[in-house]
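Undergrad: Residue 1 is where the sequence shown starts when you use full-length UniProt numbering, and the numbers rise one by one after that.
Below is the structure I would like to discuss, written out as structure tokens.
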Amino acid sequence: MRNYIFQRDKYQCQSCGKTSQEANLSIDHIIPLSRGRKNDISNLQTLCLTSNQRKTDKIDHRFHRHFEI
Numbered sequence: 001m002r003n004y005i006f007q008r009d010k011y012q013c014q015s016c017g018k019t020s021q022e023a024n025l026s027i028d029h030i031i032p033l034s035r036g037r038k039n040d041i042s043n044l045q046t047l048c049l050t051s052n053q054r055k056t057d058k059i060d061h062r063f064h065r066h067f068e069i
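Here you go:
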């Protein structure tokens with residue numbers, strides 16, 4: 001699943017736009033599991049480690065492509 005998410009997101013951070021050549025990328029939950037969202041492909045996005053650490057367990061309202069928040 002991890003590789004699918006990276007490919008779907010073109011190996012680019014969905015927050016700041018950095019690519020895998022510019023930063024370490026990770027998989028992030030758009031709506032955190034702690035907020036009741038499931039661990040499924042529609043709730044996952046690629047973020048660089050810096051953006052992921054900045055986001056913490058907040059809901060990322062910028063990402064509406066998979067479902068409405």
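Where is the CB? At the ideal position from N, CA and C, for every residue including glycine.
So, is residue 7 buried or exposed, given that buried needs 16 or more other C-beta atoms within 10 angstroms?
TA: Looking at its Cβ environment, which holds fewer than 16 other Cβ atoms inside 10 Å, residue 7 is exposed.
Undergrad: Between which two residues does the alpha helix (DSSP H) containing residue 56 stretch?
TA: No alpha helix (DSSP H) contains residue 56, which DSSP labels as neither H nor E.
Undergrad: According to DSSP, simplified to helix, strand and coil, what is residue 15?
TA: If DSSP states are grouped into helix, strand and coil, residue 15 belongs with coil.
Undergrad: Short check: CB of residue 26 to CB of residue 49, under 7 angstroms?
TA: Closer than 7 angstroms, so yes.
Undergrad: Could you please give the first and the last residue of the uninterrupted beta strand (DSSP E) stretch that includes residue 95?
TA: This structure cannot settle anything about residue 95, because the visible part of the chain is limited to 1 through 69.
Undergrad: Return the Cβ separation of residue 28 and residue 52 in integer angstroms, given the expectation that the two are a contact with Cβ distance under 8 angstroms.
TA: With 8 angstroms as the limit, residue 28 and residue 52 qualify as a contact, their Cβ atoms being about 5 angstroms apart.
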